[in-house]
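Okay, so the sequence shown: first residue is 894 according to our numbering, each after it adds one.
Every residue gets a Cβ at the ideal spot worked out from N, C-alpha and C, and that includes glycine.
Only one structure is covered here, and it is reproduced in the block below.
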Amino acid sequence: MANSNIDKEVDHKEVNKHLDELEGSDRTLFGWMAMITLILAVSMSLFHLYTAGIDMLPRMQQNAIHLGFALMLIFLIFPYKKKLGQKSIPWYDIIFAIMGASVGIYIVTISADLVGKVGNPNTMDTTMSFIAILLVLEATRRVVGKPLVIIAAVFMLYAWLGDTYLPSTLGGNAILPDVLNHFGFSWNEIAEFMFLSNEGIFGTPITVSAQYVFIFILFGAFLEITGAGRMFIDLAVSLVGSFKGGPAKAAVISSGMMGSISGSSVANAVTTGTFTIPLMKKTGFRPKVAGGVEVAASSSGQLLPPVMGAAAFIMADFTGIPYLEIAASAAIPALLTYTAILFMVHLEASKFNLKGIPRKDLVSPLRVIAGRGYLLLPIVAIIVLLIMRFTPIMASFMAIIGAISISLFSYRMQKNFGAGFLVALLFIGGAYAAHLLFGLNEYVTMVSAGSLLFALIWYALGRKVKSEKQTKFGLREIISALELGAKNSLSVVAACATAGILTGVVTMTGLGPTFSSLIIGLANNELILVLVFTMVACIIMGLGLPTTATYIVLAAVMAPALIQVGVPVLAAHLFVFYYGILADDTPPINLPAYATSGIAKSDPVQTGIQGFKFDMGALLLPYAFVLNPMLILQDDTATAFQITISVATAFIGIIAWSTFIQSYLFTKFGWTERILAVAAALVLLNADIWTDILGIAIFGLIVVIQWRKSKRGNKQELKSA
């Protein structure tokens, strides 16, 4: 099997160390300190499992406990600066962790009186407000980085400067220009609003994080621990590994599957890149290209339904549009994005004549599915449950229970069928007893029983085809997944808390409409110019920020400008979301490239440039679905035939755009083909029968020119031979 030796080619300790450094933590804990962080992390995950499956707390209490856990863990795990190599927790970080816990406890304690405190706080309220803001900003600096903290500080400064004037000796003019001026607020008012109201730190971003995002991150952790990530890679390699550039295509497919759920492009790039990048290099891909393919595929995975890196749920909260409608609308653009990445990978392989892995060296897809195909079922379960109108929280909770039970049953049955079957029956009985005694959802018992049925099916399949050994799974792995889920959530929680400060300032000052008016004025109310200015602003504002925080900021500040010029609400939010994702891939700050370059042994900036190139299919798509709402199923007047034609021409357009970026189809492009390729792509953006015909004709001309050039080149090669 070609991918059986991957683990030997990768220094996992070095990769994990590199990822820790990227995330700002190289603190290695032992003994009681490690045990405390483990207990806190597991407790945080168990708390969210309880609230997801049994009883969700009132909003402010849920948010406060969520943030309190995160602040404690951040100060215990992340040092104040990188590369300290600490092996213990300094006294000051223990104090910070205790203060972080007190922030959550304080809100829970006064939650019944919060309504009366907004606008009428006491001294303790004000003091705790300042402490909470400073702790959130410091935690964000440690785990996310300085850019988001600087933006938050600038926003709060803007709130304070609203009605401030220069001294008369300096002219006495307002500090802010008229277009940005507002009433102004004192520092006390800003701090109290951010901490005591549900519009600041405990606003929409942290609410979505506490209710939706965490449970999906935890689900992703269980998928990783159960071996689903590796199974995705092995299945993708077995399916497409023998094709031209097969390992790179397998990387795109597997990273897309993981990226939709993980919500972190860096974590996804390392998790899948550890296995796929050595395979790509082995079949001839240059190191920077191998790393770049993984960057593009890992980042763009967050565009894929059903989870969209948890952004779908935040979008639903911001827009009021049902989650299922958002997921359905995002499906076609996401498929177009991955079509572009896959086609560019194919062209890259064609340019350098890179072959796939010989079929004889690959495990058959049947053996992979028979051995570990059950790991796909929790993902299928989420989709089915969402279609059945279960809430996203309950669907993810059920999927986690399903992942635990089916992995546990399958592994135990493989080791000892009788003992495994007994474990399964005890698990199901325990779930039913918990339903009767504690009110655990009755569907948990059904999911457990269904998992037993599928475990039996996979046991029989595995014996029949002599499948590979299944991934070990037991109590130790469950605890590891609970710990990993909490730790993986920390960057998101910190980013959401700080993003709440940004949205709080927008609410206080009316910055959203003000910024919208500014953009529209600069664009002279021209839609295309508004789109261009918004795109540039989104990419700049999103540099160095985690995807979740990027979308929240852009949705609050940039999306209103698009809505104001007539762009449908969902199209506006998807527009800023796409460019927020693209910002994550934009050199020189793109963290996924630093992650993959460590595995590929390539230059981070060059790797980032390659990643941006492979992800450039997403550069035109937002314009396409704004100008052609049929691509996101938002044109109520369109027929099924019109939507089909629109999607088909969009696919041709994205392929034309991909050939332009790679400057290759059957052979190297000349300037004529490059110009024609851009023209075809741009013309096909417009939803009109005549422009579609023109675009298809232009692309047909490119195909003819390229085919003739390649034929001439082949004849010359034969003559020279």
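- request: Compute the Euclidean distance between the alpha carbons of residue 1522 and residue 1528, then round it to the nearest angstrom.
  value: Their backbone Cα atoms lie some 6 Å apart in a straight line.
query: Leaving out the 5 sequence neighbours to the left and right, which residues in its chain are closer than 7 Å to residue 1497 when beta-carbon positions are compared?
result: So the qualifying residues of the chain are 1486, 1487, 1490.
message: Do residue 1075 and residue 1415 have their beta-carbon atoms positioned less than 9 Å apart in this structure?
response: Taking 9 Å as the Cβ cut-off, residue 1415 and residue 1075 do not qualify as a contacting pair.
query: So is residue 1605 buried or exposed if we call it buried at 16+ other beta carbons inside 10 Å?
result: Residue 1605 should be labelled exposed.
Three or more C-beta pairs below 8 Å linking the region 1471-1482 and the region 1493-1508: Touching, yes, given that three or more Cβ pairs across the two stretches are closer than 8 Å.
- prompt: Span of the alpha helix (DSSP H) holding residue 954?
  reply: Residue 954 -> alpha helix (DSSP H) spans 952-970.
Among 1213, 1219, 1175, the one whose alpha carbon lies nearest that of residue 1196: Closest option to residue 1196, Cα to Cα, is 1219.
task: Please go through the same chain and pick out, in chain order, the residues whose beta-carbon is closer than 6 Å to the beta-carbon of residue 1632, but skip the five residues on each side of it.
output: Absent from the structure is residue 1632, since the part of the chain shown begins at 894 and ends at 1614.
query: To the nearest angstrom, how far is it from the Cα of residue 1555 to the Cα of residue 1356?
result: Spanning the alpha carbons of residue 1555 and residue 1356 requires a straight line of approximately 46 Å.
- request: Kindly indicate which three-state DSSP category residue 973 falls into: helix, strand or coil?
  value: Under the three-state reduction of DSSP output, residue 973 falls in the coil class, being neither helix nor strand.
query: What's the gap between the Cα of residue 1010 and the Cα of residue 1003?
result: When rounded, the distance between both Cα atoms is 9 Å.
- prompt: DSSP on residue 1248, reduced to helix/strand/coil?
  reply: In the displayed model, residue 1248 falls within coil according to three-state DSSP, outside both helix and strand.
- request: Give, in chain order, every unbroken run of the beta strand (DSSP E) that is at least 3 residues long and sits entirely within the region 1163-1211.
  value: If you keep only unbroken beta strand (DSSP E) runs of at least 3 residues inside the region 1163-1211, you get nothing at all.
Beta-carbon proximity check, residue 1113 vs residue 1231, cutoff 9 Å: No, they are not a contact pair.
For residue 1357, the three-state DSSP class (helix, strand or coil): The answer is helix: DSSP assigns residue 1357 an H, G or I state.
query: Under the three-state reduction of DSSP, which class applies to residue 908: helix, strand or coil?
result: Note that residue 908 scores a pLDDT of 46, beneath 50, so its modelled location is shaky; the value from the coordinates is reported in the next line. Here residue 908 sits in helix by DSSP.
query: Out of curiosity, what's the CA-to-CA distance linking residue 1572 and residue 1110?
result: Cα to Cα, residue 1572 sits roughly 42 Å from residue 1110.
task: Count the other C-beta atoms from every protein chain shown that fall within 10 angstroms of the C-beta of residue 1006, then say buried if there are 16 or more, exposed otherwise.
output: When all chains shown are included, residue 1006 counts as exposed.
query: Taking DSSP as the reference, what is the three-state secondary structure of residue 1039?
result: In the structure shown, residue 1039 sits in a helix (DSSP, three-state: H, G or I).
- request: Could you work out which residue in 1365, 1373, 1267 is closest to residue 1343 when comparing CA atoms only?
  value: Nearest to residue 1343 by alpha-carbon distance, out of 1365, 1373, 1267, is 1267.
task: Specify, as a first and last residue, the run of the alpha helix (DSSP H) that residue 994 falls within.
output: Where residue 994 is concerned, the enclosing alpha helix (DSSP H) stretches over 984-1003.
message: Counting C-beta neighbours from all protein chains within 10 Å, is the total for residue 1601 16 or more, i.e. buried, or is it exposed?
response: Counting C-beta atoms within 10 angstroms of its own C-beta, residue 1601 has fewer than 16 neighbours from the protein chains shown and is therefore classed as exposed.
- prompt: Cβ of residue 1445 within 9 Å of Cβ of residue 1207?
  reply: At a Cβ-Cβ threshold of 9 Å, residue 1445 and residue 1207 count as neighbours.
- request: With a floor of 4 residues, list each alpha helix (DSSP H) that falls wholly inside the region 1302-1351, ordered by position along the chain.
  value: Taking only runs of at least 4 residues, the alpha helix (DSSP H) segments lying wholly in the region 1302-1351 are 1310-1331.
query: What did DSSP end up calling residue 980 once you bin it into helix, strand or coil?
result: Looking at residue 980 - three-state DSSP - the assignment turns out to be coil, as it is neither helix nor strand.
query: To which residues of the same chain is residue 1504 closer than 6 Å at the C-beta, ignoring the five residues directly before and after it?
result: Taken in chain order, the residues that qualify are 1185, 1188, 1189, 1478, 1486.
- prompt: Are the region 1019-1034 and the region 1383-1393 touching, with three or more C-beta to C-beta distances below 8 Å?
  reply: Yes: at least three Cβ pairs fall under 8 Å.
task: Could you tell me the distance, in whole angstroms, from the CA atom of residue 1622 to the CA atom of residue 1096?
output: Nothing can be reported for residue 1622: it is not among the residues displayed for the chain, which extend from 894 to 1614.
field: Outcome for residue 1369 when other beta-carbon atoms lying within 10 angstroms are tallied against a minimum of 16
entry: Residue 1369 is classed as exposed because its beta carbon has fewer than 16 other beta carbons within 10 Å across all chains shown.
field: Environment of residue 1585 [buried if 16+ CB atoms lie within 10 Å]
entry: Residue 1585 counts as buried, since at least 16 other C-beta atoms from the protein chains shown sit within 10 angstroms of its C-beta.
message: residue 1180 and residue 1438 - do their beta-carbons sit closer together than 9 Å?
response: Taking 9 Å as the Cβ cut-off, residue 1438 and residue 1180 do not qualify as a contacting pair.
query: residue 1161: buried (16+ other C-beta within 10 angstroms of its C-beta) or exposed?
result: When all chains shown are included, residue 1161 counts as buried.
query: What is the DSSP secondary structure of residue 1561, counted as helix, strand or coil?
result: Correct three-state label for residue 1561: strand.
task: Answer yes or no: do residue 1302 and residue 1317 have a C-beta to C-beta separation smaller than 9 Å?
output: Yes, these two residues count as a Cβ contact at 9 Å.
message: Let me confirm a value: residue 1119 is counted as buried when at least 16 other C-beta atoms fall within 10 Å, else exposed. Which label applies?
response: So residue 1119 ends up on the buried side.
- request: For residue 897, collect the residues of the same chain with a Cβ closer than 7 Å to its Cβ; drop the 5 residues on either side in sequence, then sort them by chain order.
  value: With a pLDDT of only 44 at residue 897, under the threshold of 50, the placement of this residue in the model should not be trusted; the figure read from the coordinates follows. Taking residue 897 as the centre and dropping the five residues before and after it, the same chain places no C-beta closer than 7 Å to its C-beta.
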